[in-house]
């Protein structure tokens, strides 16, 4: 792919919107508005009983409270794992001794340049939440069967949570996978 032109349309503390024109490998010209995002870390925190920690917060674009896996954007110079460790502590108060990457995926590749990195966090110790000023976060542990039922019934509609859950459940069902 060859970028022909790029023009910044909007920039804020979370993301930048650019308009880009590019040629694909076949020479076809593509023009798109793209949301450039630094990437996100998503944490699948699982306790010794196999329960999963979710957070509930109001999501303005979705116009509702959503149960979801804790997550947050990468700060400048921060690796996905460092962001995962920081965000788990800030949003839930928990720290994990063991970390393993489960998956990475593009959030919405048609117009958003945001790679989401899902980590399994285990061997947890509880601490104090450190939410940002504009965050009101409720945390709760969910049994695996309850979480699965909530996804199937449409009570959980957050994509990163659904991806994280199924990647974790798949690895748990196939222990030979790393």
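Residue numbers (our numbering): 64 to 241.
For every residue, glycine included, the Cβ atom is placed at its ideal position computed from N, Cα and C.
This one's a predicted model, so the numbers in the text were calculated from it and none came from an experiment.
beta-carbon residue i near the ligand ADP non-hydrogen atom, thresh 7 angstroms
i, result
"residue 114", "In the structure on display, the ligand ADP does not appear, and there are no ligands present to speak of."
Nearest residue (CA-CA) to residue i, options the options
i, options, result
"residue 65", "140, 78, 94", "94"
"residue 167", "68, 214, 80, 103", "103"
"residue 98", "147, 87, 177", "177"
"residue 130", "199, 170, 67", "199"
"residue 164", "203, 180, 236, 151", "180"
"residue 174", "207, 89, 81, 215", "81"
"residue 70", "96, 90, 89, 88", "96"
Contact check, residue i vs residue j, beta carbons under 8 angstroms
i, j, result
"residue 172", "residue 137", "no"
"residue 144", "residue 162", "yes"
"residue 183", "residue 109", "yes"
"residue 117", "residue 157", "no"
"residue 134", "residue 106", "yes"
"residue 114", "residue 205", "yes"
"residue 68", "residue 83", "yes"
"residue 193", "residue 141", "no"
"residue 202", "residue 214", "no"
"residue 185", "residue 146", "no"
"residue 132", "residue 217", "no"
Identified DSSP bridge partners for residue i
i, result
"residue 178", "169"
"residue 205", "115"
"residue 81", "71, 97"
"residue 149", "Residue 149 pairs with nothing; no bridge assigned."
"residue 162", "184"
"residue 108", "184"
Does the stretch 115-131 come close enough to the stretch 214-221 that 3 or more CB-CB pairs lie under 8 angstroms? Flag = yes, the stretch 214-221 and the stretch 115-131 touch.
3-residue-minimum beta strand (DSSP E) runs that sit fully inside the stretch 112-147, ordered along the chain: As far as the stretch 112-147 is concerned, its whole beta strand (DSSP E) runs of at least 3 residues are 115-122, 127-131, 134-136.
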